[in-house]
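Some notes on the structure that comes next.
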Amino acid sequence: LWAQSKQTLDCEMLGVQYMAFVPMPSLSAATHGATATLGTHVLQRQGGAWNDGSAATGSSVVAHRSHQVVSVAAGICATAFVTARRGRRLRRHAAGADVAVPPQTTPPLEVPEEIKDIEMAGKDIATPHWSQQPLKEVKGLTMEQLDWPNLHGASCMASGVLFLAELVRFVAGLPPSDIECYFAAMVYAVIYASRFDGIRPLPAHFRVTFYATTGWTVYYISHLLAATNPAIFAHWVYPTGIVFLASTIYFYKHWIERMYRHFVEDRFRAYYLPGLIGLMYFHGLDCVDLFNQWLDPQYWQHVPLRLTDQAWTIQDVRLTGLFMSSMALFMITLHNKGVLTGGRNTLITVLFTIFVPALFLTGTHATLNASFP
Numbered sequence: 064l065w066a067q068s069k070q071t072l073d074c075e076m077l078g079v080q081y082m083a084f085v086p087m088p089s090l091s092a093a094t095h096g097a098t099a100t101l102g103t104h105v106l107q108r109q110g111g112a113w114n115d116g117s118a119a120t121g122s123s124v125v126a127h128r129s130h131q132v133v134s135v136a137a138g139i140c141a142t143a144f145v146t147a148r149r150g151r152r153l154r155r156h157a158a159g160a161d162v163a164v165p166p167q168t169t170p171p172l173e174v175p176e177e178i179k180d181i182e183m184a185g186k187d188i189a190t191p192h193w194s195q196q197p198l199k200e201v202k203g204l205t206m207e208q209l210d211w212p213n214l215h216g217a218s219c220m221a222s223g224v225l226f227l228a229e230l231v232r233f234v235a236g237l238p239p240s241d242i243e244c245y246f247a248a249m250v251y252a253v254i255y256a257s258r259f260d261g262i263r264p265l266p267a268h269f270r271v272t273f274y275a276t277t278g279w280t281v282y283y284i285s286h287l288l289a290a291t292n293p294a295i296f297a298h299w300v301y302p303t304g305i306v307f308l309a310s311t312i313y314f315y316k317h318w319i320e321r322m323y324r325h326f327v328e329d330r331f332r333a334y335y336l337p338g339l340i341g342l343m344y345f346h347g348l349d350c351v352d353l354f355n356q357w358l359d360p361q362y363w364q365h366v367p368l369r370l371t372d373q374a375w376t377i378q379d380v381r382l383t384g385l386f387m388s389s390m391a392l393f394m395i396t397l398h399n400k401g402v403l404t405g406g407r408n409t410l411i412t413v414l415f416t417i418f419v420p421a422l423f424l425t426g427t428h429a430t431l432n433a434s435f436p
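Under the working numbering, the first residue of the sequence shown is numbered 64, with each subsequent residue one higher.
Here it is in structure tokens:
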């Protein structure tokens with residue numbers, strides 16, 4: 064086989080551009096062809112002689128040999144010039160440093176364990192995570208045996224009391240106060256922040272739900288605060304909205320792939336569909352409302368002029384959504400601890416963390432001058 068390497072050498076001493084196709088040193092040049100370009104002449108080596116590819120004339124041999132000599136001389140000159148220049152540069156570099164400096168390497172970026180686990184859980188759709196009798200209740204701990212006396216337990220109890228008070232306010236037709244909204248933002252932030260350490264031992268689909276719900280909660284809190292005090296918090300909906308969209312894609316990608324795998328393996332559970340479709344509907348409304356805010360930088364100056372109860376509605380929608388999300392995670396905890404498992408856990412989760420609060424909110428706010436989205 065014939066191997067060629069293209070070398071472009073700038074011969075400053077001759078002031079010409081020399082381009083040659085040089086055979087690899089390990090091959091025999093006597094039995095193969097090569098081409099050298101110098102100015103406008105093209106020399107072709109065939110066997111042991113150089114030809115310029117033109118018709119033979121009386122002086123072609125002399126011209127060919129002249130081209131050959133000039134080509135070789137130009138190549139040697141250019142190679143020597145480049146080599147000498149590189150040698151001088153290396154000697155100057157070596158003279159300026161007595162000790163060789165090892166090449167500097169950038170240390171690898173430390174990725175938090177939580178971020179690594181988010182990726183691992185999202186990709187884990189092959190683990191079965193199922194039982195032969197999913198509706199059968201398994202006894203474990205009781206409600207009193209749960210670890211309540213800590214920051215997470217206190218925040219959960221505070222959120223329950225807060226939501227009961229909100230239900231009373233919904234029926235009375237009263238708007239939320241600023242103190243209620245700020246207190247709710249703090250309580251739900253603590254609930255999720257204090258749960259990260261204990262979530263990693265759970266199966267992947269539980270971790271995906273927790274991480275996605277955490278992303279949704281970040282946006283819900285910012286939207287709640289934006290409706291409470293737009294002058295300070297209105298711009299928060301832009302970065303946290305990106306978190307919301309990423310969490311939504313992350314959640315539904317995992318769960319749709321997981322349910323499709325169940326269908327292929329002939330163990331599809333149709334009673335999960337109402338809950339998943341209900342969530343998709345409400346998250347779709349959230350996305351439309353999010354884009355409405357993104358497309359109108361002066362949203363909080365324009366919309367409340369037309370819809371006088373818009374801020375009130377957004378606050379109560381977010382307060383309800385925050386409780387629904389945290390309650391769904393609490394139902395996961397009850398399942399894993401054996402407090403409430405099987406069909407009752409599934410039924411309560413689907414009804415009382417999705418549909419019942421949403422219908423109750425819609426019924427008590429139907430007469431307000433607002434639109435969501």
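In this text, a Cβ means the ideal position worked out from N, Cα and C, and glycines have one as well.
Between S310 and V253, which are expected to be in contact by the criterion C-beta below 8 Å, what is the C-beta distance as a whole number of angstroms?
Within the sequence shown, the letter at position 247 stands for residue 310. Within the sequence shown, the letter at position 190 stands for residue 253. Going by Cβ atoms, the distance from S310 to V253 rounds to 19 Å, so no, they are not a contact pair.
Leaving out the 5 sequence neighbours to the left and right, which residues in its chain are closer than 7 Å to L339 when beta-carbon positions are compared?
Here residue 339 refers to the residue found at position 276 of the sequence shown. Around L339: W318.
Tell me which residues share the same chain as V10 and place their Cβ nearer than 8 Å to its Cβ, disregarding the 5 neighbours each side in the sequence.
Here the chain covers residues 64 to 436 and nothing more, so residue 10 does not appear.
Is W375 closer than 8 Å to L308 when the C-beta atoms are compared?
For this step, residue 308 is matched to residue 245 along the sequence shown. For this step, residue 375 is matched to residue 312 along the sequence shown. Against a cut-off of 8 Å, the Cβ pair of W375 and L308 comes out as no contact.
F269: which of A184, A248, M206, N292 sits nearest, CA to CA?
If you number the sequence shown from 1, residue 269 lands on position 206. With distances taken between Cα atoms, F269 lies closest to A184.
Please name the residue, chosen from C350, P337, R232, that lies closest to V300 on a Cα-to-Cα basis.
Start at 1 with the first residue of the sequence shown, and residue 300 comes out as number 237. Out of C350, P337, R232, C350 has the C-alpha closest to the C-alpha of V300.
Spell out a yes or no on whether the region 391-409 and the region 203-213 are touching, meaning 3 or more CB-CB pairs, one atom from each, closer than 8 Å.
yes
Helix, strand or coil for S123, going by three-state DSSP, please let me know.
Looking up residue 123 in the sequence shown gives position 60. Any reading at S123 must be qualified, since the residue scores a pLDDT of 45, below 50, and its modelled position is unreliable; the value itself is stated next. In this structure, S123 counts as helix in the three-state DSSP scheme.
Which whole-angstrom value is the C-beta distance of A58 and I305, which I expect to be below 8 Å?
For residue 58 there is no data in the structure shown, the boundaries of the chain being 64 and 436.
Less than 8 Å between the beta carbons of A429 and T412, yes or no?
The sequence position of residue 429 within the sequence shown is 366, counting from 1. The sequence position of residue 412 within the sequence shown is 349, counting from 1. No, they are not a contact pair.
Here's the rule I'm using: 16 or more other beta-carbon atoms within 10 Å means buried, otherwise exposed. How should E229 be labelled?
Your numbering for residue 229 matches position 166 in the sequence shown. So E229 counts as buried.
Roughly how many angstroms lie between the CA atoms of E243 and Y344, to the nearest whole one?
The residue you call residue 243 lines up with position 180 of the sequence shown. The residue you call residue 344 lines up with position 281 of the sequence shown. Answer to the nearest angstrom: the Cα atoms are 27 Å apart.
Along the chain, where does the alpha helix (DSSP H) that runs through E320 open and close?
The sequence position of residue 320 within the sequence shown is 257, counting from 1. That run of the alpha helix (DSSP H) goes 300-327.
Leaving aside the five residues before and after M394 along the sequence, list all residues of the same chain whose C-beta is less than 8 Å from its C-beta, in chain order.
Here residue 394 refers to the residue found at position 331 when the sequence shown is read from its first residue. Once the five neighbours on either side are set aside, the close Cβ partners of M394 are L403, N408, I411, T412, T416.
Local Cβ density within 10 Å of S434, reported as buried at 16 or more and exposed below that
Locating residue 434 in the sequence shown gives position 371, counting from the first residue. Exposed, because fewer than 16 other Cβ atoms sit within 10 Å of the Cβ of S434.
For H286, the first and last residue of its enclosing alpha helix (DSSP H)
Residue numbering aside, residue 286 sits at position 223 when the sequence shown is read from its first letter. Unbroken alpha helix (DSSP H) run through H286: 267-291.
Between the CA atoms of E328 and T383 - distance to the nearest angstrom:
Locating residue 383 in the sequence shown gives position 320, where the first residue counts as 1. Locating residue 328 in the sequence shown gives position 265, where the first residue counts as 1. Distance between the alpha carbons of T383 and E328 is about 37 Å.
Pair within 8 Å by beta-carbon distance, Y251 and L385:
As a first step, residue 251 is located in the sequence shown; it is residue number 188 there, counting from the start. As a first step, residue 385 is located in the sequence shown; it is residue number 322 there, counting from the start. For Y251 and L385, yes; Cβs fall inside 8 Å.
Quick one: using the 10 Å Cβ neighbour count with 16 as the cut-off for buried, is L424 buried or exposed?
Within the sequence shown, the letter at position 361 stands for residue 424. When all chains shown are included, L424 counts as buried.
DSSP three-state label for S240, please.
Counting from one through the sequence shown, the residue named residue 240 turns up at place 177. The answer is coil: DSSP assigns S240 none of H, G, I, E or B.
Quick one: what's got a C-beta closer than 8 Å to L422's C-beta in the same chain, skipping five residues either side?
If you number the sequence shown from 1, residue 422 lands on position 359. Cβ within range, chain order: n/a, list empty.
Taking the straight line between their C-alpha atoms, what separation do you get for V281 and L288?
Residue numbering aside, residue 281 sits at position 218 when the sequence shown is read from its first letter. Residue numbering aside, residue 288 sits at position 225 when the sequence shown is read from its first letter. Taking the straight line joining both Cα atoms gives about 11 Å.
Length of the line joining the Cα atoms of L414 and T396:
As a first step, residue 414 is located in the sequence shown; it is residue number 351 there, counting from the start. As a first step, residue 396 is located in the sequence shown; it is residue number 333 there, counting from the start. Cα-Cα distance, rounded: 17 Å.
A18: which of D210, T371, T272 sits nearest, CA to CA?
Any property of residue 18 remains undetermined from this structure, which presents the chain solely from 64 to 436.
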